[in-house]
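Before any comments, here is the structure.
Number of protein chains: 2
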Amino acid sequence: MTRDTRYDVLFEPVRIGPKTMRNRFYATPHGSGLESAAPAGEAYFRGMKAAGGWAVVNTGQTQISPEFDYTGFLVVSKIWDESDVRNWSLMTDRIHEAGSLAGIELATTGSGVTGFQSRMPARSVSSVVDDHFWMGASYEMDKQDIRRLQEEYVAAAQRSLAAGFDIVNVHGSEGWSIFSMFLMPHYNHRTDEYGGSLENRARIWLETLEMVREAVGDQCAIAARHCIDALRGPSGVEVDEAGVGFIELADHLVDLWDVQVGGEDRNHWSKDVGPSRFYGENFQGEWVKKVRPHTSKPIVAVGRFTSPDSMIAVIKSGQQDIIGAARATISDPFLPNKIDEGRIEEIRECIGCNVCVSRVAAVGPIICTQNPTIGEEYRRGWHPEKYVAARTSDKSVLIVGGGPAGLECGIVLARQGVEHVHVVEAERQVGGHFRWVPRLPGLAEWIRMVDYRKTVAEGLRNLALVTKKRLSVEDVLDYGADRVIVATGSFWAADGLNNVTQEPIPGADASAPHIYTPEQVMLGEEGVEGERILIYDCDGYFMGVSLAERLALEGKIVSIVTPFPAVAPYLDYTGEIQMMVPRLHELGVEMTAGHAVDSIQGSTIRAHLGEYPAREAAWEADAIILVTQRLPNTDLYQALAADPGRLAEAGIERLYRIGDCVAPRQQVADAIFDGHRLAREIDSEDPMTPRPWIRENRVLGATNSDYDGVVGEDVPVKPSSDLSEVR
Amino acid sequence: MTRDTRYDVLFEPVRIGPKTMRNRFYATPHGSGLESAAPAGEAYFRGMKAAGGWAVVNTGQTQISPEFDYTGFLVVSKIWDESDVRNWSLMTDRIHEAGSLAGIELATTGSGVTGFQSRMPARSVSSVVDDHFWMGASYEMDKQDIRRLQEEYVAAAQRSLAAGFDIVNVHGSEGWSIFSMFLMPHYNHRTDEYGGSLENRARIWLETLEMVREAVGDQCAIAARHCIDALRGPSGVEVDEAGVGFIELADHLVDLWDVQVGGEDRNHWSKDVGPSRFYGENFQGEWVKKVRPHTSKPIVAVGRFTSPDSMIAVIKSGQQDIIGAARATISDPFLPNKIDEGRIEEIRECIGCNVCVSRVAAVGPIICTQNPTIGEEYRRGWHPEKYVAARTSDKSVLIVGGGPAGLECGIVLARQGVEHVHVVEAERQVGGHFRWVPRLPGLAEWIRMVDYRKTVAEGLRNLALVTKKRLSVEDVLDYGADRVIVATGSFWAADGLNNVTQEPIPGADASAPHIYTPEQVMLGEEGVEGERILIYDCDGYFMGVSLAERLALEGKIVSIVTPFPAVAPYLDYTGEIQMMVPRLHELGVEMTAGHAVDSIQGSTIRAHLGEYPAREAAWEADAIILVTQRLPNTDLYQALAADPGRLAEAGIERLYRIGDCVAPRQQVADAIFDGHRLAREIDSEDPMTPRPWIRENRVLGATNSDYDGVVGEDVPVKPSSDLSEVR
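Okay, here's the thing in C-alpha cells:
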C-alpha cells in the first residue's frame, strides 16, 4: 500500500541546525523505567521507535552527574562518564541504523533530589526545600557553583557527542529542572544577576546554551525543552513572560524548541501527559500556537496525536513544525511507517490511560495497554510487528473468552501462523469487562483497546471470532481443538471480600436489592435505586471513583469510603487524581479515606479509622456498591484440569489459562500481556511458566558474552532482525 | 586489652546441625538496599560483619525465583540462577575468610508482590488481594503449584550450597512469607489438607523443610525464621498456637530457630525493628522466652542488644542461645571483637533511630547515623575501623563547630594522623542541635551519637575539643590553622519559609512573643506560654510530632497542621508512625493533614486544603510553633570565602564547609556522613567534591576488569585489607 498524498507534508524533511530530520515525527524525551539500569533494554526500546519511522528518538531525562540523584522516586538515566557513553552507543547505533537521529535530554533537577545514592546535597536556585522532594537537601548556588555546573553541562554534551547523539537537548521544563526553577520567581528568590528580571532569571540557561553550543554546536543540533506555561496557579503564574520571553532571548542559541505545558507539581505535572479522561488530542495546542511569532526555529510539541489528520492540521496551521509524541510512540512505535504505507487502520492508537506513566512513577519498567511488547524488545526479544512462526502451527487452538487476554492471545497465535484459532465469547460483544468500562465517564477512548483488536482479529483469515456462545465443559471437550486456552476473566466479589480484613464483610451480599457490584451497576437494566449511594472502594484504581462520578452525574448523593490514606491512590501514579478529586468535589461527592468497613446492616455501613478500631464511623445509604476486589472465574478451567483422562479422550493435548481467570490484574495491560506472552511462548515446554528473560544484571568477574540469553545472564547484543515476519 | 571473663559465655562455640558457630553472635537477615543490584557492595557490606566477629552473617530476604517480585517497593535480593551463585560467592568467600558462617534467607512472599518486573501473578495461599501490596496479583495455589514451589525451594537451596552458604534459612515470618501466610487463618482460607487445623496449615512448610533437608541438610544447617506472635490485633490473634505449635511440629527438621515478633502489616512490622522511641533492649524477650520449652534446638532472637551485660543475661536465663542482631551489626560491625578485646567503651551503640530501615523502605541503600561507612565498604573502600594515613598530616586543621558533622570530621582527621586538629564549639556542650534533640520524649538514646563521639574525641591525643568559644571571622583568621573547615550547622526558619509556598508565611515572625521556632521552645527558659498550641509541620520527620508530644505531656492542648497527606510521613519509613499516631491520639493531640498555612494574624492561623484554595480552614491558638524548614548558618563561611587574599595572608591554605551549614539534612546521618567523607578525602584535589565511587553499573560489552575503580566503572574485587591502620 502507499501513502495518502494528504499526509505527504508529514514526511517532509526538517532541518534543525546541522542535522536533518527525515520526516516530521519526533519521539520526545520520556522516562522508561529501564534507563541506565537496563542499558540494552533501553537501547532496544528506543531503537524500535526509529525502526518504526520516528525521525528523532530521544532518551528520557538524563542526569549529567551523580549530584542530581532521585533514587527511590524514579529509575535514574545517566550520562556521568565513559561507561554511559559506551552504553548509550548501542542506542544511538540502533537509531542510526534505522536512518533516524538520536537526541539526549541533559538534565539537572536542582532541589528535586533524594540523594539516596549520592549522599550529597544538590545545588539549587535558592535555599528552600523542594515542594515535591521534601526529603532532599539542596542549597543556593554561588557563582562558582554556577560556573562549575555549566562546565559539567559542556562535558556531558561532549560525552553525548562521543556516544553518537545528534541532538543535545538542554532541558529546562516541567518545573523540575534547574533552569526552569531559575526562570520562575516562585523558586528564584535571588538578588544577584541571576534573580529578579527575566533577563537575570534566564541568564544561567542562556550562558549554558551558549557554552554548549560553542563546544559542540557545529557537530550536533541544540534543542531546548521549555515550559511555556507552568500552570502554577495562585502561587505563581508566570505564563507568558518567561514562556515566550525566554524563547525570544534564546532563539539564536537554539536549533529546535521543544515546548510543553505544566510544571512539576502535584497539581499540574499531569497536564504534560494529559490522560484521555480529561484531555483530548492536541490538548496543549492553545498554548503551543502562541510560540510561533517569537521564534524562527522549528517547534515541536506533543498532544497525544494518533490521527494523521490532526497532525497535518497542526502543521498546516503553523502551530508547530514537528509532531512530538511520547505515549503514541509507546502504543505504536510503527505509527509513522503505518501512515507512510497507507496502513492507517493498523495503528494501535494510544488510549490515554497512562499506565505507561504510572509504572515509571512507581519505579518500575514501562508497560502499555495497547502494546504488550514495550520494554520487552531486548529482554524477551519481542518485536511489536514481527512474530516467529509457530512450530506447532498445525495444532488448532480454542480460546474460551474474548476479553482482552483472549483476544490478544488469539491474534498473536494467528500472526504466528497457527492455522486454526477460535476465540469463543459468551456475550454478544468481545472485550470482557472492557465492553462496559469505557462507558464510565471520561473513559470512552479506552474502547480503542477492544476496537483495535476486534478489527485486527476480523482481518486474520486463520482466526475465527465467535460470539454469543457460552461453552460448557462438555462443549469444550466436544469442540475438536488440539489445545484449549481458558480466558474466562474475573468478577467483582459479591460479599465484600477485601484486602483489609482478608474476609467478606458481614452483611455484605449483592443479592440484596440495595447492594450492588460494579457489574450490577453497569449491566443492570434499571440503574441504581435510591438517592444516597455509598461506594466502598478497596481497589484503589478507577472503578470506585468512576462509578461515583457516573452516579453523581445522574443526580445521586454519593459518598466514597476507602481504607487507603487517600481516594484512588493508583490515580496518583497515572496523573489522573489531580483532576479527579476536584471533579468529585464539584459533583458533591463526599470522600472519606482511611476507613475500613466492618459491617453492613440494612442501610447502615459501619467502619473504623485505620488501625484504631475504637474510632468508629457509620453511614446511612439507600444503596451500597462493593468495589472491594475481583475474583477469577476458575470453574471451567478447574473442571477441565481435574480430569486429564477426559481431556486426552477428547483429543485436547494441552490446557492453559491466561489473564484475569488466573488472577485478576489491576491494570488490564497485565492481562493482555499474559495472553500475548503465552502465545509468543506457545512452543516452549511449559508455556504457562514464562520463559527466562535477559536480566541485565551485573555478574561479578564475568564478561557479558560469557552469559548468553538466559535469565540471570547477559548478552551484549541480540539481533531481532532475524525474526521472520508472519503477518 | 583482653576480654572480661564475665563475657566468656558469649564466645563459646554453638553447634547448629553440621556446622559450628565460633561464638554466639549472629547477624540476622535484613535488607540492605544493595542486594542483587550491587552484588560486590552487598558482599563487602555483609563481609565486614564477619571481619568484626559475627560468627554467622546472613543475607536479607532472598527471592528464589522471579515470580515473587516486589520491584518498586524494595530492592530485590535474588538467588534465581547461576549468575546469582557467582555473585553470592564473593560474599561467602569474604565471610569464610573471616572464619564465620554464611547464611541465606530463602523467601517467597505469596500475595506480597508488585510484579512490575516479572509481569506475572504470584502463587499464594488464597485468592485475596494482599493487605499491603494492593497493586499486585496473586492466586490460590493448587497442589501441583505447591509441589512445583517446593521443588523451586530445593533448587534454590542447591544453588545456595553452590554459592558457599553454610546455613539455609527457610523463611516463614513477618507475615510476609508464603509459609507464615499458610500458618495464619487470617490469610489461609483453604479447605483442603493445607488449610484448617494447625497441622494442615503447617503442612506446606513442613514438607518444604523436609525436602530441603533431604537435599542439602547433610552439607549445611537448616534454619527457620519463624514468627512466634504476629500481633495482628483484632483481625487474627494466633499467638501461641502457630507460634510454639509450629516449633514443636518442625523441631526435628530444623537445626536453628530464628524467632521474631510482629507480622508485616502497617500496625506491627515495626515491632520487629522496634525503634528506641518506643522499645528498649531485649524488647522481644517476653515472647522469646516462651520458646525454650518447645524445642531442643538453639534459639536466636534479636533485641537491639548493644550491652554485653544484657547479652549474657539472656543467654544465662535460657531465653535464647544466640545473640541475634541486625541494627547493632550496622551501627558497629566490630561489636563482637570489641567485647572480645575488652574495648567495650569503643562500641558504637545503635541509637535505635531506624534510619537504616527507613532508607531501605524508601528503596535506597542502607545508611546509619552512628556508622557513616555502612554501604561504603566496597564502593568507596571504607573500613569502619581502619583509616588511610593522611599525606598532609602536618597541616593543622581548625573545625568551626562541634555538631555532628564537625565532631565526626575531626575524629576521622585525627585518626588519619593529622597532627593538630581543633574542633571549636561556641556552646558549652558539643553536639549541635543534638544537644537538645535527645531531650524530646522518647529520643533519649539518640544522645549516644554525641556521647560516643565525645568520648572518642577526648581519647585522641591529636584532637583538641574546645567549647564555649564562638569564633568570629577575625578569630578564625588569627587562629593559626593551615586549613579551616566550617561546620556551623543550621537553624529553623523564623518566618515560616516552607516547601509548599516556597515563601515565608505572611505574619509569621518568631520574634513575636507567641510565635516560636523549635529552638525557642527547647532552649528558651520559660517554656511555651498559653494553653492552646498549634504546630505547623512542613518538615515531615520527628520534630513536629515530638514537640507536640512534649507539650501535650506538659498539659497543653496541642494541634498539628501539616501539608502532607498524613502526619510525619518520614516516620512511616522508620516504623515509628505506627506507635506515634496512637500516642498522639491518647494525648489528645488534634491532627489535620493536607493543609497548607496561608497566613498568621495574631492568634489566627489560616490555611487551605491541598490544591483547593477555596476550601479554607482556620484555627485560634495561644502559641504557634513553626516547624517549616531549616536554613544553613552560612555567614562565617561566606565571609571567609569572600576574601581569598585575607585567607592567604592569614596562612589559611584551604577553606571547606560540611554538614548542615552547606544544606540542612533531614537525617543527621547525612550531615555526619558529609563530615566523614570530607575527612576521608582530605588529600584529594578538591575535597568538597566527592571522589568518584564504584557504581556497579552494567557496562555493555565490557568485562568488569576493563573498568577499574572509577565512578561509572567496574572492578571485580577491591581489597580493603591493605589499608594501613592508624588508630
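The listed protein sequences derive, respectively, from chains A and B. Residue numbers for the first sequence follow this note's numbering, beginning at 1 and rising by one. Residue numbers for the second sequence follow this note's numbering, beginning at 1001 and rising by one. Think of the CB as a built atom: it goes at the ideal place given N, C-alpha and C, for glycine as much as any other residue. Just so it is clear, the structure is predicted and the values come from calculations on it, not from any experiment.
Cutoff 8 Å: residue i Cβ touching any chain B Cβ
i      : result
H186/A : yes
N371/A : no
S235/A : Reliability fails at S235/A, whose pLDDT of 41 lies under 50, so the model's placement of it is uncertain and no value is given.
R696/A : The sequence given here places Glu at residue 696/A; Arg does not occur at that position. For E696/A, the answer is yes, since a Cβ of chain B falls inside 8 Å of its Cβ.
L253/A : no
I673/A : The residue you asked about is not Ile; residue 673/A is Phe in the sequence shown. It does; some Cβ of chain B falls within 8 Å.
Q666/A : yes
Y279/A : no
Residues that DSSP places opposite residue i in a beta bridge
i       : result
Y612/A  : L609/A
H1595/B : L1609/B
I1323/B : F1025/B and A1301/B
E1140/B : S1124/B
E620/A  : T604/A
Inter-residue Cα distance where the pair is residue i and residue j
i       : j       : result
R410/A  : Y1139/B : Residue identity check: residue 410/A is Gly in the sequence provided, not Arg. Cα to Cα, G410/A sits roughly 24 Å from Y1139/B.
P1122/B : V300/A  : Just to set this straight, residue 1122/B is Ala in the shown sequence, not Pro. Between A1122/B and V300/A, the C-alpha separation is close to 43 Å.
I505/A  : R1606/B : 41 Å
A1641/B : A38/A   : 43 Å
Q1502/B : V1668/B : 23 Å
T1306/B : E1349/B : 6 Å
D1635/B : Q150/A  : 26 Å
V1113/B : L34/A   : 19 Å
K731/A  : K143/A  : For chain A, the structure presents residues 1 to 727; residue 731/A sits outside this window and is missing.
N1499/B : S1177/B : 39 Å
H1608/B : P1365/B : 36 Å
S1065/B : D660/A  : 22 Å
V1638/B : Q1320/B : First, the residue type needs correcting, since residue 1638/B is Gln and not Val in the sequence shown. Q1638/B and Q1320/B: Cα-Cα distance of roughly 57 Å.
I1533/B : Y1070/B : 42 Å
R1006/B : A1224/B : 30 Å
P1029/B : C353/A  : 40 Å
Chain A within 8 Å of residue i, Cβ atoms only
i       : result
W1176/B : no
T1059/B : no
T1071/B : yes
A1663/B : yes
Residue i: contacting residues in chain C (beta-carbon distance under 8 Å)
i      : result
A566/A : Although the question refers to chain C, the structure presented lacks it and instead comprises the protein chains A and B.
Output, in sequence order along the chain, the residues in the region 16–50 of chain A whose CB is closer than 7 Å to any CB in chain B. S36, P39 and A40
Is it the case that the region 380–394 of chain A contacts the region 435–445 of chain A, given that we only count it when at least three CB pairs across the two stretches are under 8 Å? Flag = no, the region 435–445 of chain A and the region 380–394 of chain A do not touch.
Can you find at least 3 beta carbon pairs, one from the region 565–572 of chain A and one from the region 585–598 of chain A, that sit closer than 8 Å? yes
By the 7 Å beta-carbon criterion, what residues does the region 1117–1142 of chain B contribute toward chain A? The region 1117–1142 of chain B vs chain A, Cβ under 7 Å: Q1117, R1119, M1120, P1121, S1127, V1128, V1129, D1130, D1131, W1134, M1135, A1137, S1138 and Y1139.
Residues of the region 1622–1638 of chain B whose Cβ lies closer than 9 Å to any Cβ of chain A, in chain order: T1628, Q1629, R1630, L1631, P1632, T1634 and Q1638
For the region 343–372 of chain A, which residues have a CB atom closer than 7 Å to at least one CB atom of chain B, in sequence order? Cβ contacts with chain B: R359, A362, V363, G364 and P365.
I want to know whether the region 375–390 of chain A touches the region 452–470 of chain A - three or more CB-CB distances under 8 Å. At 8 Å Cβ cutoff, the stretches do not touch.
For the region 1070–1103 of chain B, list every residue whose C-beta sits within 7 Å of some C-beta in chain A, in sequence order. T1071, G1072, W1080, D1081, E1082, S1083, D1084, R1086, N1087 and L1090
Tell me whether the region 1185–1194 of chain B and the region 1212–1219 of chain B touch, counting them as touching only if at least three CB pairs, one residue from each stretch, are closer than 8 Å. no
Taking contact to mean at least 3 C-beta pairs separated by less than 8 Å, is the region 1147–1164 of chain B in contact with the region 1206–1214 of chain B? yes
Output, in sequence order along the chain, the residues in the region 1487–1520 of chain B whose CB is closer than 9 Å to any CB in chain A. L1497, N1498, N1499, V1500, T1501, Q1502 and E1503
Does the region 514–533 of chain A come into contact with the region 417–429 of chain A, if we say contact requires no fewer than three beta-carbon pairs (one atom in each stretch) closer than 8 Å? no
Pairs of beta-carbons, one from the region 1546–1562 of chain B and one from the region 581–589 of chain A, closer than 8 Å: are there three or more? They do not touch, by the three-pair rule.
Mind the definition here: the region 507–527 of chain A touches the region 412–422 of chain A only if three or more C-beta pairs lie below 8 Å; say whether that holds. no
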